[in-house]
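One structure below.
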Amino acid sequence: MLYREALNRAIDECMAEDESVVILGEDVGRYGGSYRVTEGLISKYGEKRVIDTPIAELSIVGNAIGMAIAGLRPIAEIMTVNFSLLAMDQIINHAAKLRYMSGGKITIPLTIRMPGGVSRQLAAQHSENYETIYSSIPGLIVLTASNATYAYYALKWAIKSNDPVIFLEHELLYPMEMDFREVKDFNPFRAEVVKEGKDLTILTYLKMRYDVLEAEKELREKGIDAEIIDLNSLRPLDIETIANSIKKTKKCVIVEEDHKTGGMGAEIVAQIMENCFYDLDAPVLRIAGEDVPIPYNRKLELASIPTPDKIVEKILKWKAENGI
Amino acid sequence: MNTARIEKFYYLMKLGREFELKAKEHYMLGDIAGFLHLDIGQEAVSVGTMQAFEKGDVFTHYREHVLAIAKGIEPKLIMAELFGKKTGVSKGKGGSMHLFEPKVNFYGGDAIVGGHLPIAVGCAYARKLQGERAGVFAIFGDGASNAGAFFESINIAAAWKLPIMFFAENNFYAIGTHISWVSPFIDLKEKAKNYMPTFECDGMDVCDVYNTVIKAKEIIENGLGPVFIEAKTYRYEGHSMSDAGKYRSEEEMEIFKRKDPIKNLKNKAIEKGLVDEEYFRVLDAKVEKVINEAVEFALNSPEPEIEELYEDVFCKECENVIP
């Protein structure tokens, strides 16, 4: 199943089951979605439930909040996370706070889907990761879908959830063919142990999962048995799964595509310090994007984000430096 | 219509068209990547406006190559940028959507729809403060005319009588969304008419675009505040190279292709007996030479060094004191 098909199936099934589910965004209807996630939905559910909006992100999210308050279950699609900055006020000042400010009287069953990440030479205004911003906001749930199985179940869960969910997708994953497996008792907040190992724990999410899996092959050849964990949910963070792994391996590496300074890894390291300090044999290693806006040139672009080669190289260097 | 003007208009439009066709070719070959938005069909707007607005500051969106050429950035520097080369006008860091050259008052190259409009308004404020008369030119599409930034911009510019020209390049489609689905007006000038004087011109006719900008510009230069011009035009290609543009009918496309700005200028000039076929053949040859040189330059230019990744995040003075 293609990654984008898993997302499409989740939305399709929710719309078929529940008439209150609507989707709105730029080019989601007649055009079929910028990444074809919403393809075919308008012919099934009509233009009243598959809503083509103007280029007006603040209103896409603001309108969706109003729809949610009125009893609909909107899915707002933001064409790329970069454009979500225009909707930031609605997301943070409104969606995240209305329940709390109203003493629990207002419910916002809202899913905001955003493709993002560093795709291929889209330059600085179209290459971003804002998971750190969103996961720092109380009142928001932040899920990242790296694979078809999680994408399908988590998106269905998000649409049915009564709280605002930021649902992050990665632009390079849409056309990828992926395995799909049935899951019973799905929990969107559980991290996935992608591969068990005993020597060190690698925490990652979204597209970096695949770079880590690629790097792992080389680590294995060098006799390093890494445990790979895909975090799935960034807020809440599944610290239990992380702590259990670190208890076993005593070492932890975080691989993330966003900028290193103030990036997702910074918060994860803080939580590891609080929960696993005495289990660690070495400082946690962060492998992250460089602290620069993403450049257009391909060579510079690749130099600005982690790649399988760099992941291996940095882990080997870190091991040598720490004598582990 | 005089010969000198015909020459300039035709040469620049043809240069723009051939530039875009070459860019398309090299995108297919993999020399250019990312989002590439072609201006083919809309050259009359890019050339007519920039010829009339030679001196002022220009703020634009991401469909900008021909506008940049018409404003005076050398085609080879733009082509090199598209190729991601060190010699590109933005050192290979910006690509197609982010061309900047303050030397000719060209301030990009914004890929957030409507994002450049408040910035252009701020620039107009500064120019007024500095006593500059040339004013600011801000071009945007029908898509941007629905964004909040647009409405805030026309309001502030009108309230403070700022020297700015809002130029709406209405090609009817925001990627695949037709303006009539998401706006009560297909005529974008309706949105601005209570704020400032509005004008309309034929976006497929370079002379009409030029004359309208010249006329509207007087209001700005006389310190009477902002103006709004709408030009209806058409992009022959999809929104970008990743869009086939299939949501438009053949008939609709034909209506505009019959009004092709380059062909029509040429035919009109010949009909009026001002110049002959041979005259255009000479110009075409000149265009071909410049475009070939631009591609050669781009192909032969070096890639940026890895160290350049960390340059330009801050200014040199700042970088030197950061520990």
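Protein chains in written order, with numbering that gives the first Met the number 0: chain B, 0 to 323; chain U, 0 to 322.
Ideal placement from N, C-alpha and C gives every residue a C-beta, glycine not left out.
- Item | Where ARG16 of chain U falls: helix, strand or coil (DSSP) | helix
- Range covered by the alpha helix (DSSP H) that runs through SER58 of chain B: 56-68
- Taking one C-beta from the region 4-12 of chain B and one from the region 142-160 of chain B each time, how about it: are there three or more such pairs within less than 8 angstroms? yes
- Query: Exposed or buried, which one is PRO282 of chain B when buried takes at least 16 other CB atoms within 10 Å?
  - Reply: When all chains shown are included, PRO282 of chain B counts as exposed.
- Bounding residues of the alpha helix (DSSP H) (the contiguous stretch that carries THR131 of chain B): 130-134
- Message: Judging by CA-CA distance, which residue of U:THR48, U:GLY222, U:ASN1 and U:GLY29 is the nearest neighbour of GLU229 of chain U?
- Response: U:THR48
- Query: When the cut-off is 8 angstroms and only beta carbons count, does ASP224 of chain B lie next to chain U?
  - Reply: no
- Task: Could you work out which residues of chain B lie near HIS97 of chain U, taking near to mean beta carbons separated by less than 8 angstroms?
- Result: Chain B residues near HIS97 of chain U: ALA122, ALA123, GLN124 and TYR295.
- Where THR148 of chain B sits in the DSSP three-state scheme: helix
- Message: Against chain U, with Cβ distances strictly below 8 angstroms, would ASN81 of chain B count as a contact?
- Response: Closer than 8 angstroms: yes.
- Could you tell me how far apart the beta carbons of VAL226 of chain U and PHE198 of chain U are, in whole angstroms, since I believe they sit closer than 8 angstroms? By a beta-carbon distance limit of 8 angstroms, VAL226 of chain U contacts PHE198 of chain U. Their separation comes to about 7 angstroms.
- Message: For ASN145 of chain U and GLN124 of chain B, I'd like the C-alpha separation in whole angstroms.
- Response: 20 angstroms
- Where TYR246 of chain U meets chain B, residues with beta-carbon distance less than 8 angstroms: Within 8 angstroms Cβ-Cβ: ARG29 and TYR30.
- Within 8 angstroms (strictly less), CB to CB, does VAL320 of chain U reach chain B? It does not; no Cβ of chain B falls within 8 angstroms.
- Task: Output the residue ranges of the alpha helix (DSSP H) runs that lie fully inside the region 63-145 of chain U and measure 4 residues or longer, sorted by chain position.
- Result: 64-70, 74-81 and 116-128
- Query: With 16 other CB atoms within 10 Å as the buried threshold, where does GLN120 of chain B fall?
  - Reply: buried
- Item | Alpha-carbon spacing of GLY138 of chain B relative to ASN321 of chain B, whole angstroms | 39 angstroms
- Through-space distance from PHE276 of chain B to LEU199 of chain B, alpha-carbon basis: 15 angstroms
- Can you say whether GLN50 of chain U is buried or exposed, counting buried as having 16 or more other CB atoms within 10 angstroms of its CB? buried
- Task: Kindly say whether ASN154 of chain U, judged by its beta-carbon, lies nearer than 8 angstroms to any beta-carbon of chain B.
- Result: Chain B places no beta carbon closer than 8 angstroms to that of ASN154 of chain U, leaving this residue out of the contacts.
- Can you give the Cα-Cα distance for ALA133 of chain U and ALA15 of chain B, rounded to whole angstroms? 58 angstroms
- Query: Residues of chain B with a CB under 8 angstroms from the CB of ILE174 of chain U: which are they?
  - Reply: GLU25, ASP26, TYR30 and SER33
- Query: Can you name the residues of chain B whose CB is closer than 7 angstroms to the CB of LEU308 of chain U?
  - Reply: GLU289, VAL291, PRO294, LEU299, ALA302 and SER303
- Task: Could you tell me the boundaries of the beta strand (DSSP E) in which LEU23 of chain B lies?
- Result: 20-24
- Task: For TYR99 of chain B, I'd like the list of residues in its chain whose CB is within less than 7 angstroms of its CB, leaving aside the five on either flank, ordered along the chain.
- Result: GLY138
- Quick one: grab the DSSP three-state call for GLU42 of chain U. helix
- LYS271 of chain U - DSSP class collapsed to helix/strand/coil: coil
- In its own chain, which residues sit with a C-beta less than 8 angstroms from the C-beta of GLY28 of chain B, not counting the 5 before and 5 after it? THR37, LEU40, ILE41, GLU46, VAL49, ILE50 and ASP51
- Query: Rounded to whole angstroms, how far is the Cβ of LEU23 of chain B from the Cβ of ALA75 of chain B, which I believe are closer than 8 angstroms?
  - Reply: Taking 8 angstroms as the upper bound for CB-CB distance, LEU23 of chain B and ALA75 of chain B are in contact here, some 6 angstroms apart.
- Specify the secondary structure class of CYS314 of chain U as computed by DSSP and reduced to three states. coil
- Message: On a Cα-Cα basis, can you pick out the residue from U:ALA268, U:ARG234 and U:LYS271 that is closest to ILE254 of chain U?
- Response: U:ARG234
- Query: From THR79 of chain B to TYR34 of chain B, what does the alpha carbon distance come to, in whole angstroms?
  - Reply: Whole-angstrom Cα-Cα distance: 10 angstroms.
- Item | Short CB-CB distance (under 8 angstroms) between LEU1 of chain B and chain U | no
- Item | Span of the alpha helix (DSSP H) around VAL49 of chain B | Run containing VAL49 of chain B: none in the alpha helix (DSSP H); it sits in the beta strand (DSSP E), 49-51.
- In this structure, what does DSSP give as the bridge partners for THR200 of chain B? B:GLU226 and B:CYS251
- What are the boundary residues of the beta strand (DSSP E) that includes ILE228 of chain U? 226-231
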